[in-house]
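S.K.: Got a structure for you, questions after.
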Amino acid sequence: MAATRQPTHRFIALDSLRGIAALAIAYFHLGGDGMLLGSAFHARLAIAVDFFFVLSGFVIFASYHERLAQGFSTARFMLLRIGRLWPLHVAILLAFFALELVPLVLGEGSGAFTGRRSLETLPANLLLLQTYVHPGGMTWNGPSWSISVELGLYLLAAILLNRIPRVAPFVFAALAVAAGVTLAGVDWKAHPDFAFGATSILRGIGGFGFGVLAAWLWLRLSSVEPWRRRAPFLEVATALLALAVVLWPMGLMSNHIAFALLVFVFAFDAGPLSRALALRGFVWVGLISYSIYLVHPLVYRLAFPAFRLLEAQTGLALTAAEANGQLAIAPTGLAAEAVAALFLALVLAAAHVAYLLIERPTRDWSRRKARQFGAGQAEASAPTI
Numbered sequence: 001m002a003a004t005r006q007p008t009h010r011f012i013a014l015d016s017l018r019g020i021a022a023l024a025i026a027y028f029h030l031g032g033d034g035m036l037l038g039s040a041f042h043a044r045l046a047i048a049v050d051f052f053f054v055l056s057g058f059v060i061f062a063s064y065h066e067r068l069a070q071g072f073s074t075a076r077f078m079l080l081r082i083g084r085l086w087p088l089h090v091a092i093l094l095a096f097f098a099l100e101l102v103p104l105v106l107g108e109g110s111g112a113f114t115g116r117r118s119l120e121t122l123p124a125n126l127l128l129l130q131t132y133v134h135p136g137g138m139t140w141n142g143p144s145w146s147i148s149v150e151l152g153l154y155l156l157a158a159i160l161l162n163r164i165p166r167v168a169p170f171v172f173a174a175l176a177v178a179a180g181v182t183l184a185g186v187d188w189k190a191h192p193d194f195a196f197g198a199t200s201i202l203r204g205i206g207g208f209g210f211g212v213l214a215a216w217l218w219l220r221l222s223s224v225e226p227w228r229r230r231a232p233f234l235e236v237a238t239a240l241l242a243l244a245v246v247l248w249p250m251g252l253m254s255n256h257i258a259f260a261l262l263v264f265v266f267a268f269d270a271g272p273l274s275r276a277l278a279l280r281g282f283v284w285v286g287l288i289s290y291s292i293y294l295v296h297p298l299v300y301r302l303a304f305p306a307f308r309l310l311e312a313q314t315g316l317a318l319t320a321a322e323a324n325g326q327l328a329i330a331p332t333g334l335a336a337e338a339v340a341a342l343f344l345a346l347v348l349a350a351a352h353v354a355y356l357l358i359e360r361p362t363r364d365w366s367r368r369k370a371r372q373f374g375a376g377q378a379e380a381s382a383p384t385i
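Counting in our numbering, the final residue of the sequence shown is number 385, and the numbers go up one at a time with none missing.
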């Protein structure tokens with residue numbers, strides 16, 4: 001078996017795949033009846049979050065396992081991760097808080113700070129503890145539930161890799177299997193008060209655990225030449241497998257295994273699909289993926305009312321109300337996809353601004369701290385989602 005090696009580069013193809021997954025989540029959160037919008041495929045795009053968990057487990061283990069095993073402190077590791085995650089999260093949270101103040105300023109305060117954006121849930125959201133403290137459902141900026149879960153997974157990874165580094169990958173693998181079995185075996189509908197939080201944490205453990213196992217294998221096989229020679233075939237095969245779990249529900253453990261295989265293969269950056277993912281547009285989307293993920297609900301919250309004003313001026317029907325009270329795209333067919341593309345373009349623009357103003361400066365701070373702590377290369381490789 002080949003010796004392990006510490007990665008000395010960013011995983012370019014994986015970065016780009018993370019960006020595509022973030023866009024998939026943004027598209028998933030649009031409602032309507034288009035060619036894909038509203039289809040079974042569209043509904044299944046929610047599992048892109050499971051790809052994030054797998055990818056995080058892979059890159060955190062690949063980047064940090066040696067340093068944590070050699071005594072890099074859990075406190076320093078968590079400081080670096082929080083430095084990457086928290087600033088953009090709190091900026092978006094404060095923007096939503098400001099929007100809740102608008103009805104109060106206008107004298108229409110009956111709807112302010114109610115439902116998922118109550119003052120009661122705000123402190124836990126500020127601390128990124130909302131999934132653990134309020135397990136009944138999403139609060140404030142919905143997608144941040146997974147960031148909350150990831151923060152707990154980072155802490156677990158640091159503790160295990162500090163204390164039991166040799167067996168930590170196998171502990172994670174066992175936890176991943178146990179999480180998958182529990183997810184499949186419990187009637188979560190009978191536990192509505194905590195089902196969302198419990199299943200979210202189990203999804204995170206399952207994905208992160210299989211990601212760690214994939215990284216452990218990759219570090220041992222990445223220098224073995226036959227794997228690189230087979231990269232073109234393996235990339236196509238694992239991409240088709242990932243597409244299959246999106247098209248046909250097979251259970252969360254199947255999703256995690258399929259995504260772990262995808263991440264393992266594309267980490268080689270050796271096949272034609274990897275070369276395509278290294279094109280500038282894909283790299284850019286990967287670079288701003290965390291901003292895409294956190295900013296898109298705010299963009300939709302602001303854009304839908306703006307579209308309603310445009311409708312009043314032009315007579316065009318661009319948005320509609322769904323049964324749950326959320327707004328959706330009104331046109332159907334190809335026109336719906338065109339409006340969805342416009343919303344995604346707005347998301348990309350806003351995410352780019354958020355990246356430049358918030359995410360990149362705080363990322364650079366985190367990297368400076370990492371160099372001071374002796375973990376510069378690891379932090380340069382580690383993802384934000």
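Glycine included, C-beta positions come from ideal geometry on N, C-alpha and C.
#1: Considering ARG275, what are the terminal residues of the alpha helix (DSSP H) in which it resides?
#2: In whole angstroms, what is the alpha-carbon distance linking GLY204 and THR314?
#3: Hey, how far is the Cα of ARG280 from the Cα of GLU359?
#4: How big is the Cα-Cα spacing for SER200 and PRO123?
#5: Would you tell me roughly how many angstroms separate the C-alpha atoms of ASP269 and MET253, rounded to the nearest one?
#6: Tell me whether ALA112 sits in a helix, a strand or coil according to DSSP, three-state version.
#7: By how many angstroms is the C-alpha of GLY83 removed from the C-alpha of THR386?
#8: Take GLU100 and list the residues in its own chain whose beta-carbon comes closer than 7 Å to its own, dropping the five residues that flank it on each side.
#9: I believe ALA341 touches ALA330 by the beta-carbon criterion, under 8 Å. Please report the beta-carbon distance rounded to the nearest angstrom.
#10: In chain order, which continuous runs of the beta strand (DSSP E) of length 3 or greater are located wholly inside the segment 55-106?
#11: Would you list the one or two residues that DSSP bridges to ARG329?
#12: Return the Cβ separation of ILE25 and ALA48 in integer angstroms, given the expectation that the two are a contact with Cβ distance under 8 Å.
#13: Can you tell me the Cα-Cα spacing of GLN372 and LEU30, whole angstroms?
#14: Buried or exposed for ALA13, going by 16 or more other Cβ atoms inside 10 Å?
#15: Ignore the nearest five residues each way along the sequence and tell me which others in ALA40's own chain have a CB closer than 6 Å to its CB.
#16: Taking its Cβ as the centre, do 16 or more other Cβ atoms sit within 10 Å of ALA323, making it buried, or is it exposed?
#17: Would ILE292 and ALA22 be called neighbours here (beta carbons separated by less than 8 Å)?
M.R.: If we stick to the structure as given:
#1: As a first step, residue 275 is located in the sequence shown; it is residue number 275 there, counting from the start. From DSSP, the alpha helix (DSSP H) with ARG275 extends over 272-277.
#2: Taking the sequence shown and counting its residues from 1, one reaches residue 204 at position 204. Taking the sequence shown and counting its residues from 1, one reaches residue 314 at position 314. Cα to Cα, the separation comes out at about 45 Å.
#3: The residue you call residue 280 lines up with position 280 of the sequence shown. The residue you call residue 359 lines up with position 359 of the sequence shown. So the alpha carbons of these two residues sit roughly 19 Å apart.
#4: The residue labelled residue 200 in the question sits at position 200 within the sequence shown. The residue labelled residue 123 in the question sits at position 123 within the sequence shown. In a straight line, the C-alpha of SER200 is about 20 Å away from that of PRO123.
#5: As a position in the sequence shown, residue 269 is number 269, starting the count at 1. As a position in the sequence shown, residue 253 is number 253, starting the count at 1. As the crow flies, the alpha-carbon of ASP269 is around 25 Å from that of MET253.
#6: Residue numbering aside, residue 112 sits at position 112 when the sequence shown is read from its first letter. Coil at ALA112, not helix or strand.
#7: There is simply no residue 386 to check, as the chain begins at 1 and stops at 385 in what is shown.
#8: Here the question's residue 100 lines up with position 100 in the sequence shown. Correct list, in chain order: ALA112, PHE113, ARG117.
#9: Along the sequence shown, one-based indexing puts residue 341 at 341. Along the sequence shown, one-based indexing puts residue 330 at 330. Not a contact, Cβ separation roughly 15 Å.
#10: Listed in chain order, there is nothing to give.
#11: The residue you call residue 329 lines up with position 329 of the sequence shown. Looking at the sequence itself, residue 329 is Ile, so the reference to Arg does not match. THR319.
#12: The residue labelled residue 25 in the question sits at position 25 within the sequence shown. The residue labelled residue 48 in the question sits at position 48 within the sequence shown. 5 Å between Cβ atoms; contact.
#13: The sequence position of residue 372 within the sequence shown is 372, counting from 1. The sequence position of residue 30 within the sequence shown is 30, counting from 1. Each residue's alpha carbon lies about 43 Å from the other.
#14: Counting from 1 along the sequence shown, the entry for residue 13 is found at position 13. ALA13 should be labelled buried.
#15: Working through the sequence shown from its first residue, we reach residue 40 at position 40. Within the same chain, ALA40 has no close Cβ partners at all.
#16: Position 323 of the sequence shown holds residue 323. Note that ALA323 scores 48 on pLDDT, short of 50, meaning its location in the model is unreliable and no value can be drawn from it.
#17: Looking up residue 292 in the sequence shown gives position 292. Looking up residue 22 in the sequence shown gives position 22. Yes, these two residues count as a Cβ contact at 8 Å.
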